[in-house]
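Heads up: the protein sequence lines correspond to chains A, B, C, D, E and F, in order.
If you're matching positions, the first sequence starts at 730 in the working numbering and goes up one per residue.
If you're matching positions, the second sequence starts at 730 in the working numbering and goes up one per residue.
If you're matching positions, the third sequence starts at 730 in the working numbering and goes up one per residue.
If you're matching positions, the fourth sequence starts at 730 in the working numbering and goes up one per residue.
If you're matching positions, the fifth sequence starts at 730 in the working numbering and goes up one per residue.
If you're matching positions, the sixth sequence starts at 730 in the working numbering and goes up one per residue.
Okay, so here's the structure we're looking at.
Number of protein chains: 6
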Amino acid sequence: MDNFVLDPILLNALREDIGSGDLTTESCVPADKKIRGTFIAKADGLLCGVDVVNRVFALIGGDVALQWLKHEGSRVAEGDRIALIAGNARAILKGERTALNLLQHMSGIATATAAAVAAVPDTCAIADTRKTMPGLRVLEKYAVRTGGGANHRFNLADGVLIKDNHIAAAGGIKPAVAAARRRVPHTVKIEVETSNLNEVTQALEAGADIIMLDNMDVAEMAGAVALIGGRALTEASGNMGEKDLASVAAAGVDIISIGALTHSVRALDISLKLDIETQPV
Amino acid sequence: MDNFVLDPILLNALREDIGSGDLTTESCVPADKKIRGTFIAKADGLLCGVDVVNRVFALIGGDVALQWLKHEGSRVAEGDRIALIAGNARAILKGERTALNLLQHMSGIATATAAAVAAVPDTCAIADTRKTMPGLRVLEKYAVRTGGGANHRFNLADGVLIKDNHIAAAGGIKPAVAAARRRVPHTVKIEVETSNLNEVTQALEAGADIIMLDNMDVAEMAGAVALIGGRALTEASGNMGEKDLASVAAAGVDIISIGALTHSVRALDISLKLDIETQPV
Amino acid sequence: MDNFVLDPILLNALREDIGSGDLTTESCVPADKKIRGTFIAKADGLLCGVDVVNRVFALIGGDVALQWLKHEGSRVAEGDRIALIAGNARAILKGERTALNLLQHMSGIATATAAAVAAVPDTCAIADTRKTMPGLRVLEKYAVRTGGGANHRFNLADGVLIKDNHIAAAGGIKPAVAAARRRVPHTVKIEVETSNLNEVTQALEAGADIIMLDNMDVAEMAGAVALIGGRALTEASGNMGEKDLASVAAAGVDIISIGALTHSVRALDISLKLDIETQPV
Amino acid sequence: MDNFVLDPILLNALREDIGSGDLTTESCVPADKKIRGTFIAKADGLLCGVDVVNRVFALIGGDVALQWLKHEGSRVAEGDRIALIAGNARAILKGERTALNLLQHMSGIATATAAAVAAVPDTCAIADTRKTMPGLRVLEKYAVRTGGGANHRFNLADGVLIKDNHIAAAGGIKPAVAAARRRVPHTVKIEVETSNLNEVTQALEAGADIIMLDNMDVAEMAGAVALIGGRALTEASGNMGEKDLASVAAAGVDIISIGALTHSVRALDISLKLDIETQPV
Amino acid sequence: MDNFVLDPILLNALREDIGSGDLTTESCVPADKKIRGTFIAKADGLLCGVDVVNRVFALIGGDVALQWLKHEGSRVAEGDRIALIAGNARAILKGERTALNLLQHMSGIATATAAAVAAVPDTCAIADTRKTMPGLRVLEKYAVRTGGGANHRFNLADGVLIKDNHIAAAGGIKPAVAAARRRVPHTVKIEVETSNLNEVTQALEAGADIIMLDNMDVAEMAGAVALIGGRALTEASGNMGEKDLASVAAAGVDIISIGALTHSVRALDISLKLDIETQPV
Amino acid sequence: MDNFVLDPILLNALREDIGSGDLTTESCVPADKKIRGTFIAKADGLLCGVDVVNRVFALIGGDVALQWLKHEGSRVAEGDRIALIAGNARAILKGERTALNLLQHMSGIATATAAAVAAVPDTCAIADTRKTMPGLRVLEKYAVRTGGGANHRFNLADGVLIKDNHIAAAGGIKPAVAAARRRVPHTVKIEVETSNLNEVTQALEAGADIIMLDNMDVAEMAGAVALIGGRALTEASGNMGEKDLASVAAAGVDIISIGALTHSVRALDISLKLDIETQPV
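In structure tokens:
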């Protein structure tokens, strides 16, 4: 990830968490004190956020050195040492919470994504949605990719998803697709949301590149996939976080998109055990 | 909440989600089209985020009117209508995702907080931590209050929590508390983290205003509470999201702080059912 | 265009042009003076920028009223009155330059685009590129659309264009396309730049959605179009601003992309003739 | 140019052009790949933008080294090598477009300015105006200086130009000049726009420091210059981009200001030929 | 003053003073409570900051109405009622401190400036310097004008002041002035700092528009003024805040610039007496 | 102080003071010129702002080296050399004013604070208020601490001070304190403003942690302190800048808060004597 993307997010986070200064650390810890510590997994999962943690401490300053024992995207088991950290004690104590909040959140997303990916065959991709934490989408979508998932469109400006109200406003699926085609860059595919086979047929005839099968049961999805016959990508959608993914995948869809990957994240428990140097350096 | 607090968060969210424009809506929906709709609870919970949703649509423009059938902080049951919305179709379609992402997240926090509050007697407060989503802390801590919980310090600049490394650096609990007392505003209380009765005793002698009982079992906490005897506030901490809160409260602590309230949020499922006006207005 | 998109651009422009205040106007023009005026075309062209001008004066304040006699995207001829403006004199004098700079620039782009569009049959689209003025891309791409052109990808994050160096790094066209397919959202098409028929063949076999024919002569492009046979979109590229567009289009390409539409813009001459009220109001 | 001036412009440009990441490069080019390349002039002109290009790549990171074979402000001929670049391939591919967009635009302005300067004797300065691209004025005015031109006021806050409406509001040229004199810093000169000899006389009598001769023909300008007799600076203005500058200068004016230098810029064609390292490093 | 100038300053001030919310007011004062109050002068002085106070409350919202009994720039005596305020209690309590801080500071500057202006004849202007509070210069220079003073250059980009080190670097006063003349807009005057008659002579010969007489005693200044004989503006400088201004003015200088007007401001004591409505509305 | 706190303030200050560039320096001083100089105290006082000055020059760049001969918080006497500076001449000339403005202001605050601290016994703390310069509070409160003073709450979000209108709105001191206790973090103390012994008694009964004695005379304060008997902290307030601090302290209060420490600051006179290198390096 580029620093000019990360920095506004991370500086905002540091300013939110530290404000005008860390009262406790600045009063108790001398400015030149050193500390060292270890990031330790307290649960099994997938590690995500290495660059983010590195950048948090780079932005704080204080010559903080990190040595990662696990690499980005690797499995960690409860008790595993993930990384070593050493440097100025004030800097590390100030950055600790911001670094952990992001590392745990991103690792939580990657872990859940990996579980979903493992539940389906390779022919079916697990994708995210726009149901993300405002301000953190770029990190969350990165975490989904780290977990082996695929990204859906980043936002309303870089993908087209024609839903029921767009169709109603445009006067039908065909005019809606045609209107989008006229307006959007030729680099962008057009996806249409459908809820039954009749709509699927219309979407196909309108030339949709992707057909979303929304809130259909598995049998209906299988029927839709058969009807489409490879003429468009198929995406299963609708509370997929609560469905049996293997059976959805068995319907033959190309993609299953799951909002819960990012809207209901369980943080991966990772701790930072620190030991301040109490001897003179 | 003040607009000058909300606006940077919400404008950032809108720019993230809409980018240079909503390709689908701008191509399919005429600029003067009207739409109306209903926010509906798809699960039981506590509503939180009314002001945020109102402000999202105010920032987008388009004369969007919201009428709330449930008020902030009230219980909603699956199927309940929460609010009516009407106005310019493009505006509502553009704001929908940002509004729902925040409404569901904040309601999820309020719901979980309310459950924790209900599990303990009134004499024990449920508090949040700094384990929040970077950039959203002010909204998340508001949601905790809406759910009946209490806020812990907002950040490192407005509260003192002396932990093991601060103590080691300062040369003991007493010098650490004294150093903090000299440095921090007289309006700020001083909290010391302890993990055994010996440390509790030292914290008491040092004049700590609040004593955190960290990762103690219930019996140990009860002993600490007895030892403290009302001379300081007591706060139970350490993976409290996975503990039996009633028994923790039974130890007599004043506050239980729970990171999971904000670090592992399950969104409350709320949908927005929209109907575009297909007849001329 | 959404205000949350326009405002950062326009406020930045106003602050750049007005700085800490308009010395001349604030010293010579009383605060309550009124002025009225007319935007007049001094050359033939296509009008673009109505919303931008409206928003400039809304951001300044001062109850400025605009009445547009020509609508967005319409032809204007030298001497045509485009819009009437009336309101607080200080506000209008302060906003005049920013409004005109953008109106003339955007109208210049729209005018040039319309000329290019007129030079080719309807089956061939005229598209822009990323050769835009830093900070103004969203306005410039809007102006291209207003002129009847099509937008290419907005930026590096919402489209894929695999060029020679990407191919070299990936080890060939096929692995490059495969790598992109794995990484990018399924909503994004994949375009490959080619400079000869051999590369076109490889791109086709790799499953490229769009094939750019870069710096080919017309005969070579016609050969490529025949070879592709509708299995991918075709885009002609390479100094197209200096080419005979009709003959390029005759090669059968779907899209001609022209950097000069935005990198070498000739402003459309539009003046604002103002008359201050010298009589007491 | 100072980094605290450049950085907001360049970071804004990078974020606009790269967004959340470069899909193509990040999928096709390994993170540690190296690339080297050459900036080459594709047309004759004047080079401008060296610092800007250097800063673009510094902001991206990636240990990009630039070696300039031509220095800022020097003539380049078609085919000339301008600079060598080498470093991390992802960094260079991401920064390429932003660097070139600015380098070509600034060099285009410098080239056009140099041509205007060459058309008039040394006694006559060529100056820019406020008809600049919003957000880029500081770079464009720098490019005018690089081309040998002079800068007019930067904005409304650092110079006074009293035009017809200011005069009407103030009740005449004399009261307008007096009002400005009272209000503005004593470090700022006062310029009055005139369109005939009568107004020139009034401006002189009012003590104007600079008299703009607006839309006068050459003979009229010569008359005005004679009338003024060195008691004020004289500036020719009004579509000067389309005039014969030598004959305007022959009227004896001190300054000719030309909006077209910045409002209708033809980019100087400069390419960046890159070769990725396909051998292991 | 323009809102796009004021707003960044005032929003920054409100966010600094209110942070995530006003704990006291939000807990004690119901959201719909009304309050009314009076701004009262507690000392004699000159009022400055009316627009700023109005804008503070406009930015907060809450339908706050202000009625000014004294107008901007008018004298106030201890005990005078300055303005009435009424509206939402939370809004007024939140904005009170920011509004007063600025009103008192600006009025303090205006008061001190007016005293200095009163100490010298009309032929001598009292000017400010760049010794201002970082971030507040635009407000402070406005306050100086409100007090009857004149502004010196706003910053390093809109005026030229050639000091000893510039002269040393350029190789003398004459080459320094010539270098500046070549580089700076023709709208900007050139000022040279001198400390003795020899330097005054050189500055005159170099064609300086303004000659600063720095740290000279009154006799020396009178000699310099005589030597200059109206061929340049003269400015007395150097700890003028501690000098007898009448005698400095008697030396015949055109301008006396005083850093202390803004670097050592004594706030004008103004209080806001509020009465909350304790009866139901 | 953390760079992410300082940088927005200092970059804002540099942009305000330098704008688009330093006309004088850039025209007179070659880009590679070196300069060296000395910061010298022109008056007695307490030094404050070392980190700020260091950071100003770090942000400008130009390899500026500072060697401090006096350390932060130390006494300086008129004529003392404070620091040596050496490096690129343009960088130092550009940063000089911003660095000095802050150094003099912060040292002025520290000096005044130290004087107040010296006037009272150690048992009484001198505290600041929220009467600070908007945008500079974090620097000003740091300067108060450097002068030996104590900080009051930073803003409305991190401390509670219940005043007359809060009391009126809440229906009395007791309900006001109770309302605050319910809402605010348990880490925050609650302060109540009182103006007579009756209110003091109510505040005590309500359980206030701190009782402000506002505008009481010394005898009244002594009575209040006796009444309170150590059950709450006591703070004297109300134009304390004009009171005899020793006698206020003699009343036995714990804290005296003084708005004038920051609202009416007299800058400490510090000069920077520079010598440009006129010999080739």
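Beta carbons are placed, not taken as given, at the ideal position from N, Cα and C, and that holds for glycine.
{"Query": "Is residue 968/D buried or exposed, if buried means 16 or more other CB atoms sit within 10 Å of its CB?", "Result": "exposed"}
{"Query": "Any beta carbon of chain E sitting closer than 7 Å to that of residue 863/F?", "Result": "yes"}
{"Query": "Go to residue 734/F, then tell me how far its alpha helix (DSSP H) extends in each direction, as first and last residue.", "Result": "732-747"}
{"Query": "So is residue 786/A in contact with chain D if we call contact Cβ pairs under 7 Å?", "Result": "no"}
{"Query": "Kindly say whether residue 867/E, judged by its beta-carbon, lies nearer than 7 Å to any beta-carbon of chain C.", "Result": "yes"}
{"Query": "What residues of chain F sit near residue 1014/E, judged by a beta carbon separation below 7 Å?", "Result": "No answer is possible for residue 1014/E: it lies beyond the span of chain E, which begins at 730 and ends at 1010."}
{"Query": "Among 816/E, 828/E and 804/E, which one has its Cα closest to the Cα of residue 735/E?", "Result": "828/E"}
{"Query": "May I have a chain-ordered list of the alpha helix (DSSP H) segments no shorter than 4 residues that lie completely inside the segment 871-907 of chain B?", "Result": "893-899"}
{"Query": "Can you tell me where the alpha helix (DSSP H) holding residue 788/E begins and where it ends?", "Result": "779-789"}
{"Query": "Cα separation between residue 733/D and residue 747/D?", "Result": "21 Å"}
{"Query": "Hey, how far is the Cα of residue 982/E from the Cα of residue 916/D?", "Result": "15 Å"}
{"Query": "Could you give the DSSP three-state label for residue 1002/F: helix, strand or coil?", "Result": "strand"}
{"Query": "Note down, in chain order, every chain F residue with its Cβ under 7 Å from the Cβ of residue 743/A.", "Result": "733"}
{"Query": "My understanding is that residue 941/A touches residue 964/A, with C-beta atoms under 8 Å, so please give their C-beta distance in whole angstroms.", "Result": "5 Å"}
{"Query": "Using a Cβ cut-off of 7 Å (strictly closer), state whether residue 842/A contacts chain B.", "Result": "no"}
{"Query": "Quick one, which of 923/F, 911/F and 850/F has its alpha-carbon nearest residue 890/F's?", "Result": "923/F"}
{"Query": "Could you tell me the distance, in whole angstroms, from the CA atom of residue 846/F to the CA atom of residue 856/F?", "Result": "9 Å"}
{"Query": "Using only the alpha-carbon positions, how far apart do residue 904/E and residue 931/E sit?", "Result": "11 Å"}
{"Query": "Residues of chain D with CB under 9 Å from residue 748/C, in chain order?", "Result": "883, 884, 885, 886 and 887"}
{"Query": "Given a cut-off of 7 Å, decide if residue 824/B and residue 785/B are closer than it, judged by their beta-carbon atoms.", "Result": "yes"}
{"Query": "For residue 763/B, go through chain A and note every residue whose CB falls closer than 7 Å to its CB, in chain order.", "Result": "Per Cβ cutoff of 7 Å: no residues; residue 763/B is ~10 Å from chain A at best."}
{"Query": "Going straight from the alpha carbon of residue 876/F to that of residue 755/A, what length do you get?", "Result": "17 Å"}
{"Query": "At a CB-CB cut-off below 7 Å, which residues of chain C make contact with residue 897/D?", "Result": "1005 and 1007"}
{"Query": "Who are residue 1061/D's beta bridge partners in DSSP?", "Result": "The structure shown does not extend to residue 1061/D, since chain D is modelled only from 730 through 1010, so no value can be given for it."}
{"Query": "Is it buried or exposed, residue 1007/F, if we count other Cβ atoms within 10 angstroms and call 16 or more buried?", "Result": "exposed"}
{"Query": "Which term fits residue 955/F, buried or exposed, when burial requires 16 or more other beta carbons within 10 angstroms of its beta carbon?", "Result": "exposed"}
{"Query": "Compare the C-alpha of residue 761/A against each of 972/A, 945/A and 819/A and name the closest.", "Result": "819/A"}
{"Query": "Name the chain D residues whose beta carbon is nearer than 9 Å to that of residue 860/C?", "Result": "826, 829, 830, 833 and 996"}
{"Query": "Between residue 894/A and chain B, is any beta-carbon pair separated by less than 7 Å?", "Result": "yes"}
{"Query": "State the beta-bridge partners of residue 804/E as determined by DSSP.", "Result": "775/E"}
{"Query": "Can you pull the chain F neighbours of residue 939/B, defined as C-beta to C-beta under 9 Å?", "Result": "915 and 916"}
{"Query": "Which residue from 961/E, 789/E, 743/E and 843/E puts its Cα closest to that of residue 817/E?", "Result": "789/E"}
{"Query": "Rounding to the nearest angstrom, what Cα-Cα distance links residue 766/B and residue 822/B in this structure?", "Result": "11 Å"}
{"Query": "Which residues does DSSP pair with residue 854/B in a beta bridge?", "Result": "984/B"}
{"Query": "Bridge partners of residue 977/E, per DSSP?", "Result": "According to DSSP, residue 977/E bridges with nothing at all."}
{"Query": "Against chain D, does residue 966/C count as a neighbour if the rule is that its beta carbon must be under 7 Å from one of theirs?", "Result": "no"}
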